[in-house]
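Using full-length UniProt numbering, the first residue of the first sequence is number 1, and each one after it goes up by one.
First up is the structure itself, then whatever we jot down about it.
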Amino acid sequence: MFKIEKKLKNKFGRVGEFITPNGIIKTPAFIVVGTKATVKSLSPEQVNNLGAQAVLGNTYHLYLQPGDDIIKKAGGLNKFMNWNGPTFTDSGGFQVFSLGEGFSSGENKFKSQKNILNRSLKISSKIQNVHTKLVKIKEDGVEFRSYIDGSKHYFTPEKSIEIQNNIGADIIFAFDECSSPSAEYDYQKEAMERTHRWAKRSLYYNNHHYLKNSGVQFPSSSNGNKQALFGIVQGGKFGDLRKKSAKVIGGMDFDGFGIGGSFSKEGLDETLRFVNGILPEEKIKHLLGIGEPIDLFIGIENGIDSFDCVSPTRIARTGMLYTKHGRINIIKAEYSRDFSKIEDDCECYTCKNYTKAYLSHLFRAQEMFASTLASIHNLYFIVNLVKNIRQSILDKNFYELKEKFLKKYYA
RNA sequence: GCGUCGGUGGCAGAGUGGUCAAAUGCAAUUGGCUGUAAACCAAUCGGUCUUGUACCUACGGGGGUUCAAAUCCCUCCCGGCGCA
Numbered sequence: 001m002f003k004i005e006k007k008l009k010n011k012f013g014r015v016g017e018f019i020t021p022n023g024i025i026k027t028p029a030f031i032v033v034g035t036k037a038t039v040k041s042l043s044p045e046q047v048n049n050l051g052a053q054a055v056l057g058n059t060y061h062l063y064l065q066p067g068d069d070i071i072k073k074a075g076g077l078n079k080f081m082n083w084n085g086p087t088f089t090d091s092g093g094f095q096v097f098s099l100g101e102g103f104s105s106g107e108n109k110f111k112s113q114k115n116i117l118n119r120s121l122k123i124s125s126k127i128q129n130v131h132t133k134l135v136k137i138k139e140d141g142v143e144f145r146s147y148i149d150g151s152k153h154y155f156t157p158e159k160s161i162e163i164q165n166n167i168g169a170d171i172i173f174a175f176d177e178c179s180s181p182s183a184e185y186d187y188q189k190e191a192m193e194r195t196h197r198w199a200k201r202s203l204y205y206n207n208h209h210y211l212k213n214s215g216v217q218f219p220s221s222s223n224g225n226k227q228a229l230f231g232i233v234q235g236g237k238f239g240d241l242r243k244k245s246a247k248v249i250g251g252m253d254f255d256g257f258g259i260g261g262s263f264s265k266e267g268l269d270e271t272l273r274f275v276n277g278i279l280p281e282e283k284i285k286h287l288l289g290i291g292e293p294i295d296l297f298i299g300i301e302n303g304i305d306s307f308d309c310v311s312p313t314r315i316a317r318t319g320m321l322y323t324k325h326g327r328i329n330i331i332k333a334e335y336s337r338d339f340s341k342i343e344d345d346c347e348c349y350t351c352k353n354y355t356k357a358y359l360s361h362l363f364r365a366q367e368m369f370a371s372t373l374a375s376i377h378n379l380y381f382i383v384n385l386v387k388n389i390r391q392s393i394l395d396k397n398f399y400e401l402k403e404k405f406l407k408k409y410y411a
């Protein structure tokens, strides 16, 4: 399933290919997030044309809406959303965080002073809504309240896998608890150990469910082949927990691995080194939810084969664009009369055809097309960056690219 | 011309003696966004500085009443409506 073609000397970084029922993913790769079976503001053709290889949907969201039964009836995720390439579904483990501890708290996956400050400001704000979590975590599973209608739902590892079997993506994830970056050691350890037990149950269910219930040996992806199941390493920002988790999860018979949870900004490099030093080398590793340019370099250097991240599409929708010289906010006054391209040498559809002034106008006028053009550019930027990094490993100039890019980007 | 209602910050629109540099919305300006409750969220939004329960300038113009006026009175200007 996974072939390594070339390695980075003295590092875990490598170039490879991952074969899925819906196509080959050339790794390292950036996987585009399409939570609700759509990449927000883009058609599958646009996603394909900008060079993306695969799309990642979300189990929890698709279960609530439209319901996994409908996707199954439609013939699976690929057919349902008209995407011809490889697909992933996240297990819903991230929603344990985002609808739980992360709910309205202003927290993200990186723990920093800024976030803590931001959080306390938000809570003290008089217009802040009542801070109510939508999840309850138990040993057996997680009780979710629907953010749509408030109805109660219960996710267990088995339930998450069952839904993911129905959705039928090529790559599915074990149900985990993505714990809060502000969680202390004891809680992080407890959550990690629970995630390990859930991993075992996810794996068992995926391998036996169809055997028992339908006589079919393996669950099917939309074109009839076996789904790959990835286990998820947790442990937060604590090195010893990360190592423990890599050992336990790495010892289970998963097709690949996700690395989830939170990191300290400085700790990503070290954490990935620890984890990927323990996980089986020959299997594919996906870094969940991380995707800023510097993170991509750090991840790839340390053996990450694929990434997914909402950042390119989310920030695009609010007018923030990636450029080789860092992010720019296209809505800023200075761009309203700037008739240059976002980037003169960018090959994306947006840069080839439109100016900053036009983009700026679309955002100010709140035109839908603004989101589309900005998402195309940002996704192209990130997808292409990862492609260039891949090529640099093949060409043996990874470090030159890294230095050159980061110097310009963070100047 | 007479009558009548009204003229408030970039716009719309509250406020009708002190708690008003003036609600709210929009616009504007600036931040933020990492497995998407996200076409979102937040801050600022008359000026000055020693950034303060500080000073100055401000609710069409001018004048007045009052300890105190966006709020009351007079007058002028402008606008809507009605009648000639």
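Don't be surprised by glycine CBs; every beta carbon is placed ideally from N, CA and C.
Please read these numbers as outputs of a predicted model, since none were measured by experiment.
Rounded Cβ spacing between residue i and residue j (contact assumed at less than 8 Å)
i: residue 12; j: residue 397; result: In fact, because the Cβ distance is near 18 Å, the residues do not count as touching under 8 Å.
i: residue 233; j: residue 263; result: Wrong, their Cβ atoms sit about 12 Å apart, outside the cutoff.
i: residue 313; j: residue 378; result: 7 Å
i: residue 235; j: residue 272; result: Their Cβ separation, rounded to whole angstroms, is 12 Å, which puts residue 235 and residue 272 out of contact at 8 Å.
i: residue 249; j: residue 231; result: 4 Å
i: residue 203; j: residue 144; result: Residue 203 to residue 144, Cβ: 22 Å. No contact.
Through-space distance from residue j to residue i, alpha-carbon basis
i: residue 59; j: residue 89; result: 6 Å
i: residue 331; j: residue 360; result: 5 Å
i: residue 391; j: residue 344; result: 22 Å
i: residue 101; j: residue 75; result: 35 Å
i: residue 405; j: residue 84; result: 32 Å
i: residue 246; j: residue 367; result: 46 Å
i: residue 353; j: residue 321; result: 16 Å
i: residue 342; j: residue 328; result: 9 Å
i: residue 253; j: residue 280; result: 10 Å
i: residue 315; j: residue 395; result: 32 Å
i: residue 152; j: residue 146; result: 6 Å
i: residue 139; j: residue 311; result: 32 Å
i: residue 187; j: residue 136; result: 15 Å
i: residue 336; j: residue 287; result: 37 Å
i: residue 162; j: residue 35; result: 18 Å
i: residue 197; j: residue 347; result: 46 Å
i: residue 300; j: residue 16; result: 12 Å
i: residue 24; j: residue 132; result: 43 Å
Under 8 Å between C-beta atoms of residue i and residue j
i: residue 67; j: residue 176; result: no
i: residue 71; j: residue 282; result: no
i: residue 87; j: residue 51; result: no
i: residue 8; j: residue 389; result: no
i: residue 64; j: residue 376; result: no
i: residue 37; j: residue 62; result: yes
i: residue 229; j: residue 189; result: no
i: residue 191; j: residue 77; result: no
i: residue 181; j: residue 110; result: yes
i: residue 289; j: residue 305; result: no
i: residue 53; j: residue 26; result: yes
i: residue 324; j: residue 408; result: yes
i: residue 69; j: residue 166; result: yes
i: residue 293; j: residue 385; result: yes
i: residue 18; j: residue 284; result: yes
i: residue 278; j: residue 243; result: yes
i: residue 239; j: residue 178; result: no
i: residue 339; j: residue 357; result: yes
Per-residue burial, residue i [other beta carbons within 10 Å of its own, 16 or more giving buried]
i: residue 251; result: exposed
i: residue 123; result: Bear in mind that the predicted position of residue 123 carries a pLDDT of just 31, short of 50, making it unreliable; the figure below should be weighed with that in mind. Burial call: exposed.
i: residue 195; result: buried
i: residue 126; result: With a pLDDT of 26 at residue 126, under the threshold of 50, the modelled position of that residue is not reliable, and the figure given next carries that caveat. Burial call: exposed.
i: residue 350; result: buried
i: residue 411; result: exposed
i: residue 171; result: buried
i: residue 208; result: exposed
i: residue 295; result: buried
i: residue 291; result: buried
i: residue 184; result: exposed
i: residue 107; result: buried
i: residue 237; result: buried
i: residue 20; result: buried
i: residue 31; result: buried
i: residue 255; result: buried
i: residue 10; result: exposed
i: residue 174; result: buried
Beta bridge counterpart(s) of residue i as assigned by DSSP
i: residue 308; result: 31
i: residue 228; result: 171
i: residue 14; result: 7
i: residue 329; result: 320
i: residue 355; result: Answer is none; residue 355 lacks a bridge partner.
i: residue 145; result: 152
i: residue 386; result: Residue 386 is not bridged to any residue.
i: residue 2; result: 18
i: residue 406; result: Residue 406 is not bridged to any residue.
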